[in-house]
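Step one of this worksheet: look at the structure below.
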Amino acid sequence: MHNSKFRLGLLPRIVIAILLGIALGVVLPQWGVRVFVTFNALFSQFLGFLIPLIIVGLVTPATSDLGHGGGRMLLVTVLLAYGSTLLSGAISYVVSAATFPLLVTPHAVSPAADSAVSVLSQPWFTVSIPPLMDVMSAIFLSFVVGLGTSYTQSPSLRSFFGEFKGVVELTINKALIPLLPLYIMGIFMQMTASGEVARTLRVFASIIVVIFVMHILWLLFLYAIAGLVVHKRPLPLLRTMLPAYLMALGTSSSAATIPVTLRQTLLGGVSGPVAGFVVPLCATIHLSGSMQKIVACSVALMLMQGMPFSAGLFAGFICLLSITVVAAPGVPGGVIMASLGVLSSVLGFGEQELALIIALYIAMDSFGTACNVTGDGALALVVDRIFARSSRSN
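Using the working numbering, the letters of the sequence shown correspond one by one to residues 7 to 400.
Pasting the structure below:
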């Protein structure tokens, strides 16, 4: 007899949580809904306390590792990955700002509904857990310490933050991720009881379709550029990466897909040394698909909640987010967890917005990961061409 246990992935658990939240929001009395609102208030305090620690624990060692080693190939790869991630975020904002106002109507409630929402949003009790520092302090502390550790090569600092990263990742995997479905269930229960859920789900469906189309067009753009650089037809190059795309759909993990991505990149004509360097590095730092999702979801939620936004606001948000997401742990939902601090500090997202963007992001987590790893093949082609030219000139 096999002792292996059947375990649901994060996405099925989130879907079940949303359905249960909707069902219980219909049948539970007001006091029952407020029990879950109380849990959400406590979880929100816990999350707010952890966000700066997550940033310090993940961003500091990531900054230290990126700054170590030097080399032209490292510099070129990092610049290409960041450029791709930044450009994908900018395009996502332009498309979302132009498209979503046609699909999303700002939040509006009647006075009677507003009174009901007010009662349902009140927990029975809560506990204040103030964070040790604010988000921006955590981000800049991480950069300063990470770059300093890289420069001094201090073994004690590197060891400390390596172990601290392990504690943070353990907390995410054993506490935050397991409790997320219950947290999201409470949010959807509250929205159902207050009459908002149907509108929210309609918006979700529209957003998912738009983001998926953006992902496909972005991959076509990347491979068109790579094809021009290496003088090959882009569509066959993109078809070569299809196994990596499908593998990422199944695993929702760039790290788990590295062997397949590496094999397909080699089949696409990239030399072994370049592929062996670029593919593992880009699995960590090239997150164009994830960036498109977060930016698009943020624009949609700000429209839904009637929150003001501008191109200038999102320009700063995208620049900061493109650095922060590099530190994301390699687990499903890891990128959005690493992004919560920037979402709250720059865009002003509160408890409900953060819960909704987590649910919406995870609903497309595998598609974003597939876009990330498939795009890695295009960057590897460009890097290989640059250094092939360099070696011939020498």
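Where a beta carbon is used, it is the ideal one built from N, C-alpha and C, also for glycine.
Every value quoted in this text rests on a predicted model; they were computed, and no experiment measured them.
Task: Beta-carbon contacts of P58 that lie in its chain and below 8 Å, excluding the five residues immediately before and after - done: P137, L138, M139, D140, V141, S143, A144 and G347, listed in sequence order.
Task: Cβ neighbour criterion (16 or more within 10 Å) applied to R239 - done: exposed
Task: CB-CB length for G401 against G295, believed under 8 Å - done: Residue 401 cannot be examined here, being either before or after the span of the chain that is shown, 7 to 400.
Open item on the list: According to DSSP, is L109 part of a helix, a strand, or is it coil?
Closed with: helix
Task: Q358, enclosing alpha helix (DSSP H) - first and last residue - done: Q358: member of the alpha helix (DSSP H) spanning E357 to A369, first to last residue.
- [ ] Pull up the distance between the alpha-carbon of A122 and that of V39, whole angstroms please.
- [x] Reliability of the predicted coordinates at A122 is poor, the pLDDT of 42 falling under 50, and the value obtained from them is presented with this limitation in mind. Using only the alpha carbons, I get a separation of about 12 Å.
Open item on the list: Can you give me the C-alpha to C-alpha distance between L186 and A317, rounded to a whole angstrom?
Closed with: If I take the Cα positions, the gap works out to 31 Å.
Task: Under the three-state DSSP convention, the category V33 falls into - done: helix
Open item on the list: Restricting to Cα atoms, I'd like to know which of I135, L85, M79 and V341 is closest to S50.
Closed with: I135
Task: Where V82 falls: helix, strand or coil (DSSP) - done: helix
Task: Cα-Cα separation, L86 to G192 - done: 41 Å
TODO: My understanding is that V174 touches G63, with C-beta atoms under 8 Å, so please give their C-beta distance in whole angstroms.
DONE: 3 Å
Open item on the list: Taking only three categories from DSSP, how would you classify H221?
Closed with: helix
- [ ] Would you mind giving the Cβ-Cβ distance between I214 and M370, rounded to the nearest angstrom? I have them listed as a contact below 8 Å.
- [x] 6 Å
TODO: Go ahead and label T111 buried or exposed: buried means 16 or more other beta carbons lie within 10 angstroms of its beta carbon, across all protein chains shown.
DONE: exposed
TODO: Name the two residues that bound the continuous alpha helix (DSSP H) containing A306.
DONE: S294 to M310
Open item on the list: Tell me the rounded alpha-carbon separation between S90 and A96.
Closed with: Computed Cα separation, rounded: 10 Å.
Open item on the list: I'd like the span of the alpha helix (DSSP H) that includes R239, first residue to last.
Closed with: Taken as a continuous stretch (DSSP letters only), R239 belongs to no alpha helix (DSSP H), as it is neither H nor E.
TODO: Give every residue of the same chain whose Cβ lies closer than 7 Å to the Cβ of K299, excluding the five residues on either side of it in the sequence, and list them in chain order.
DONE: I217, Y367, M370 and G374
- [ ] State the Cα-Cα distance for the pair C288 and V379, rounded to the nearest angstrom.
- [x] If I take the Cα positions, the gap works out to 8 Å.
Task: Reference A384, options Q196, A250 and F166, closest by Cα - done: A250
- [ ] Quick one: residues in its chain with C-beta nearer than 7 Å to the C-beta of A386, no 5 flanking neighbours on either side, listed in chain order?
- [x] T271, V276, V280, A281, V284 and V285
Task: DSSP state of F315 mapped onto helix, strand, coil - done: Secondary structure at F315: coil, using DSSP grouped into helix, strand and coil.
TODO: Go ahead and pull the three-state DSSP assignment for S165.
DONE: helix
TODO: Determine the burial state of Q196: buried for a count of at least 16 other Cβ atoms within 10 Å of its Cβ, exposed for fewer.
DONE: buried
- [ ] Taking G282 as part of the alpha helix (DSSP H), name the residues at either end of that continuous run.
- [x] G278 to I291 is the span of the alpha helix (DSSP H), which, as asked, contains G282.
Open item on the list: Looking at K171: is its Cβ nearer than 8 Å to the Cβ of P314?
Closed with: no
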